[in-house]
Structure formats: structure tokens, C-alpha cells
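Notes for the one structure printed next.
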Amino acid sequence: MKILRFFLGIVLSFSLIFIALISSVEIAAYSDFSFYEKEYNKYAVTSSVDISMPELMNVTKDMMAYLKGDREKLSDIQANIGGTYIPFFNEREVLHMEDVRGLFIGAVYLRYILVFISIICIIFAKISRGRISHFLSNVLIYGTLITLALTGILVFLIAGDFEKYFIIFHHIFFNNDLWMLDPATDNLINIVPQGFFMDMSKRIVIIFSAFILSMIGSGVVLKKIFK
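For the sequence shown, the residue numbers in this note's numbering are 688 to 914.
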């Protein structure tokens with residue numbers, strides 16, 4: 688039974704961590720569109736694309752709705768660029784964003800699966816020997832502490848050479864070169880330059896860390912209550 692509970696604890700820990708990570712990405716991307724406006728101002732995006740800020744924000748909201756699955760097409764998004772209404776995304780960008788949409792939607796379904804797995808782990812831990820409060824507090828404290836340490840190491844490595852790991856990420860998750868865009872022809876790379884992704888990554892890390900700390904805090908409280 689101890690071996691079973693140990694195994695269940697590991698599975699539950701990883702499930703909760705990935706649930707927190709996926710939720711962190713979702714919150715970072717969708718909770719506050721003023722973040723995008725700040726980033727666009729920071730990197731002078733409207734000047735490089737020759738588009739007004741209100742127009743660009745409309746494009747952004749439509750683009751994010753597409754990635755979330757709330758909009759069917761990306762190719763029909765038009766914007767006033769340089770005084771002329773034209774499609775904002777070209778064919779290459781549309782194809783790449785189809786891949787990105789697949790990742791976004793796939794991550795949401797993965798979260799559903801992990802929630803189901805987490806519930807199963809808790810049920811099996813409940814019917815096995817030992818207190819469920821002890822099991823959950825250990826998972827929330829020690830499992831997340833280990834993950835927090837590993838996350839810290841990963842963040843340190845990525846911060847040292849963001850471009851290198853940014854490229855590695857794309858090679859892992861995309862089986863084509865559509866993500867390699869040209870600023871001279873592709874609006875997407877101009878509105879979300881590498882600096883934008885660095886800032887978004889920091890935002891995700893902050894939200895993810897808040898999730899982890901709240902999980903550790905919950906474990907501590909649980910341990911004290913049922914001590």
C-alpha cells in the first residue's frame with residue numbers, strides 16, 4: 688500500500704503541476720488584453736505595421752478568439768493598414784496559427800484529462816490504507832516544492848539564452864518551418880517580436896509561481912488542521 692500511495696502521489700503531483708501550468712498560460716494570454724497594448728507600445732508595433740492601436744487591438748482579440756476555438760477562421764480578419772483594408776495575415780501566417788491553435792486547444796483537453804487522473808488518484812488514495820489528509824498534504828507540499836526547484840533551474844537556464852530555448856521549443860512542438868517568419872512580409876512577427884515572448888514568459892512564470900505557492904500553503908494548512 689505504501690508503494691501504491693507513493694506512486695499515486697507522484698502521478699497526482701505531476702498532474703497538478705501541469706494543470707497549474709496550462710492554467711497559467713491561459714490566464715496570461717486571455718485575462719488582460721491591456722498587457723498586449725502595453726507590449727505593442729513598448730515595441731512600437733503600430734509604427735512598424737502602420738496600423739492604429741484600436742485597430743490592432745481588434746485584430747488581437749480576434750486572433751486570440753481563434754486560438755481559443757471561439758472563432759472559425761483567421762484568414763478573414765482584415766485591418767486598416769496604411770489606409771487600406773486588407774487581410775492582416777498572409778497564407779503562411781494562417782497555416783502557422785493553425786498549428787498554434789492546435790497546441791492551445793490540445794492543452795485544454797490535456798487539462799481535462801489530468802483533472803480526471805487527479806480525481807482517480809485521490810479516490811484510490813482514499814480507499815487505500817492511511818489518512819487522505821496526510822497523503823494530500825505531502826503531495827501539495829513536497830511534490831510542489833520539488834517542482835518549484837526544478838522550475839527555478841529551468842527559468843535560470845532559459846533566461847541565460849532565451850533565443851536558443853525559444854528555437855528549441857518550436858522544433859519540439861512544430862514539425863515544419865512555418866514559424867520562421869519574415870518581418871518584411873509577415874505582420875505576425877512584427878506584432879509579437881521575441882521581446883514580447885520574453886515578457887509573456889515572465890508573466891506566465893509569475894502566475895505559475897503563485898499557483899505553486901498557493902498549493903504549498905494549502906498543504907501546510909491541511910497538515911496543521913489534521914495533525
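For every residue, glycine included, the Cβ atom is placed at its ideal position computed from N, Cα and C. From a predicted model like this one, the values you see are computed outputs, not experimental measurements.
Alpha-carbon spacing of residue i relative to residue j, whole angstroms
| i | j | result |
| --- | --- | --- |
| Leu840 | Ala846 | In the sequence on display, residue 840 carries Ile and not Leu. Taking the straight line from one Cα to the other gives about 10 Å. |
| Glu850 | Ile814 | 48 Å |
| Asp873 | Ile792 | 24 Å |
| Ile828 | Gly904 | 8 Å |
| Met887 | Leu782 | 22 Å |
| Phe811 | Leu695 | 8 Å |
| Glu726 | Val842 | 21 Å |
| Phe803 | Gly830 | 19 Å |
| Phe883 | Gly906 | 35 Å |
| Asn863 | Pro870 | 19 Å |
| Phe668 | Ser734 | Nothing in the structure corresponds to residue 668, since the chain is present only between 688 and 914. |
| His858 | Glu724 | 29 Å |
| Phe853 | Arg818 | 44 Å |
| Phe693 | Ile833 | 15 Å |
| Tyr730 | Gln881 | 10 Å |
| Trp866 | Asn877 | 13 Å |
| Arg816 | Tyr799 | 28 Å |
| Asp763 | Glu713 | 24 Å |
| Val732 | Val879 | 8 Å |
| Asn728 | Ile768 | 17 Å |
| Lys755 | Leu761 | 12 Å |
| Lys911 | Asp848 | 42 Å |
| Lys689 | Leu790 | 37 Å |
| Thr771 | Ala836 | 51 Å |
Simplified DSSP state of residue i, which is helix, strand or coil
| i | result |
| --- | --- |
| Ala715 | helix |
| Ala752 | helix |
| Asn777 | coil |
| Tyr730 | coil |
| Ile764 | coil |
Proximity below 9 Å, CB of residue i to CB of residue j
| i | j | result |
| --- | --- | --- |
| Ile706 | Leu823 | no |
| Tyr717 | Met750 | no |
| Arg788 | Tyr753 | yes |
| Ser805 | Phe913 | no |
| Ser711 | Ile894 | yes |
| Asp757 | Phe861 | no |
| Leu797 | Ile855 | no |
| Ser700 | Val826 | yes |
| Ala715 | Arg890 | yes |
| Cys808 | Val908 | no |
| Leu875 | Met784 | yes |
The ligand COA heavy atom lying under 8 Å from the CB of residue i
| i | result |
| --- | --- |
| Tyr753 | Annotation note on the ligand COA: not contained in the displayed structure, which lists no ligands. |
Exercise. Enumerated in chain order, which unbroken segments of the alpha helix (DSSP H) with a length of 4 residues or greater are wholly contained in the stretch 825 to 911?
Worked result: Counting only runs of at least 4 residues, the stretch 825 to 911 fully encloses the following alpha helix (DSSP H) elements, listed from N- to C-terminal order: 831 to 847, 849 to 860 and 874 to 878.
Exercise. Can at least three beta-carbon pairs, one atom from the stretch 766 to 779 and one from the stretch 733 to 740, be found at a separation below 8 Å?
Worked result: In short, these stretches touch, since the Cβ pair count reaches three.
Exercise. Between the stretch 739 to 758 and the stretch 895 to 911, do at least 3 Cβ pairs fall closer than 8 Å?
Worked result: With the cut-off at 8 Å, the stretch 739 to 758 and the stretch 895 to 911 do not touch.
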